[in-house]
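Participant:
Residue numbers (our numbering): 2 to 281.
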C-alpha cells in the first residue's frame with residue numbers, strides 16, 4: 002500500500018482530494034493483484050480509469066493555476082503531458098504469467114514514483130511562488146525565521162541560500178557577458194551541496210529516530226531529481242526568454258527550499274527540543 006501522507010498535502014482541497022483519489026485507485030489495483038493472478042484484466046480496468054481521472058485532475062489543476070497566474074503553469078503542463086504520453090504508450094507484456102506480473106509491477110512503480118515526485122517537487126509550490134518576495138527586502142537572505150535551532154542544519158541551509166543568492170545576482174548582472182557558464186557552475190554547486198545537505202539531515206533524523214524521516218526522504222528525492230533535470234543547454238534556443246527562464250528557475254528553487262524549511266525542517270528542531278535531544 003502506498004499512503005497519501007500529510008507531507009503530500011498542498012493545502013488546496015480540490016487538488017488534495019484528487020491526489021488522494023489517484024493513490025486510492027493505485028492501491029485498489031494492488032489489492033486486486035494480490036487476490037487475482039490474472040493481472041492483465043486488472044490492468045485493462047485500471048488504465049482507462051486512470052487515464053480519464055488523471056486527465057480530469059490535470060485539467061482542474063491547470064485551470065486553477067491559470068486563474069491565479071501561477072508562473073509554474075508551463076512546466077506543469079509539460080510534466081502532465083509527459084505522464085499522459087507514458088501511460089498512453091504502456092503495453093502490458095503478456096508473453097508469460099511472470100512477464101505479465103513484472104510488467105504490471107513496473108507500471109505501478111512508475112505511477113507511484115511519478116505521483117510522489119510530481120506532488121512533492123511541483124504541486125507543493127502551487128500558489129506559493131508569488132509569496133517569495135512579498136514583504137521581503139531581500140527574498141534570498143537567510144534570516145532568523147528560517148532557523149531550526151540545529152547548528153548543522155542551519156549552517157547548511159545558510160550555504161544553500163548563499164549559492165542561490167549568488168546565482169540570482171549573476172542572473173541580474175545585465176552588463177556581464179558570458180555569464181551562463183558561471184550560472185551553470187553555480188547550479189551544479191547547488192545540486193552537489195543540496196545532496197550533501199540532505200544526506201547530513203537524513204543521517205541526523207535517523208540518529209534521533211525522527212518519525213517523519215520517510216516523508217523527508219521523499220521530498221528530498223523529488224527536489225534532487227528536479228535539480229538533475231535542469232538543462233541549461235535549452236538557453237541557446239530561448240533567445241530573448243533566457244533571462245525570464247533563469248529568473249523563474251531561481252525563484253522556484255528558492256521557493257521550494259523556503260517552503261520545505263518552514264513546513265518540514267523546523268519541525269525537526271521542535272522534535273529535538275520536545276524530547277530533550279542534544280545535537281552531537
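Every residue, glycine too, gets a C-beta built ideally from N, C-alpha and C.
Which one of 208, 43, 209 and 255 has the shortest CA to CA distance from residue 192?
Facilitator: The residue with the shortest Cα to Cα distance from residue 192 is 255.
Participant: Quick one: grab the DSSP three-state call for residue 149.
Facilitator: Of the three classes helix, strand and coil, the one that applies to residue 149 here is coil, per DSSP.
Participant: Out of 265, 244, 188 and 243, point me to the one whose CA is closest to residue 227's CA.
Facilitator: Per the Cα distances, 188.
Participant: Please name the residue in 267, 32 and 168 whose C-alpha comes closest to that of residue 153.
Facilitator: The residue with the shortest Cα to Cα distance from residue 153 is 267.
Participant: When the Cα atoms are used, what is the spatial distance from residue 7 to residue 45?
Facilitator: For residue 7 and residue 45, the distance between alpha carbons rounds to 31 angstroms.
Participant: Which same chain residues, not among the five before or five after residue 59, have their C-beta less than 7 angstroms away from its C-beta?
Facilitator: Here the set comprises 81.
Participant: Quick check on residue 91: does DSSP put it in helix, strand or coil?
Facilitator: DSSP places residue 91 in coil when its eight states are reduced to three.
Participant: How would you label residue 55, buried or exposed, when you count the other beta carbons within 10 angstroms and need 16 or more for buried?
Facilitator: Residue 55 is buried by the Cβ-count criterion.
Participant: Would residue 172 and residue 247 be called neighbours here (beta carbons separated by less than 7 angstroms)?
Facilitator: Closer than 7 angstroms, so yes.
Participant: Does residue 100 come out as helix, strand or coil in the three-state DSSP assignment?
Facilitator: Helix.
Participant: Exposed or buried, what is residue 16 when buried is set at 16 or more other beta-carbons lying within 10 Å of its beta-carbon?
Facilitator: Counting Cβ neighbours within 10 Å, residue 16 comes out buried, since at least 16 surround it.
Participant: Does DSSP classify residue 250 as helix, strand or coil?
Facilitator: The answer is helix: DSSP assigns residue 250 an H, G or I state.
Participant: So the candidates are 65, 215, 53 and 186; which of them puts its Cα closest to the Cα of residue 5?
Facilitator: Measuring from the Cα of residue 5, the nearest candidate turns out to be 215.
Participant: Classify residue 47 as helix, strand or coil using the three-state DSSP reduction.
Facilitator: Helix, per DSSP.
Participant: Taking DSSP as the reference, what is the three-state secondary structure of residue 197?
Facilitator: If DSSP states are grouped into helix, strand and coil, residue 197 belongs with the helices.
Participant: Apart from the five residues on each side of it in sequence, which residues of its chain come closer than 8 angstroms, Cβ to Cβ, to residue 174?
Facilitator: For residue 174, where only same-chain residues beyond five positions count, the Cβ hits under 8 angstroms are 180.
Participant: If you pair each beta-carbon of the stretch 137-152 with each one of the stretch 21-36, do three or more pairs fall below 8 angstroms?
Facilitator: Flag = no, the stretch 137-152 and the stretch 21-36 do not touch.
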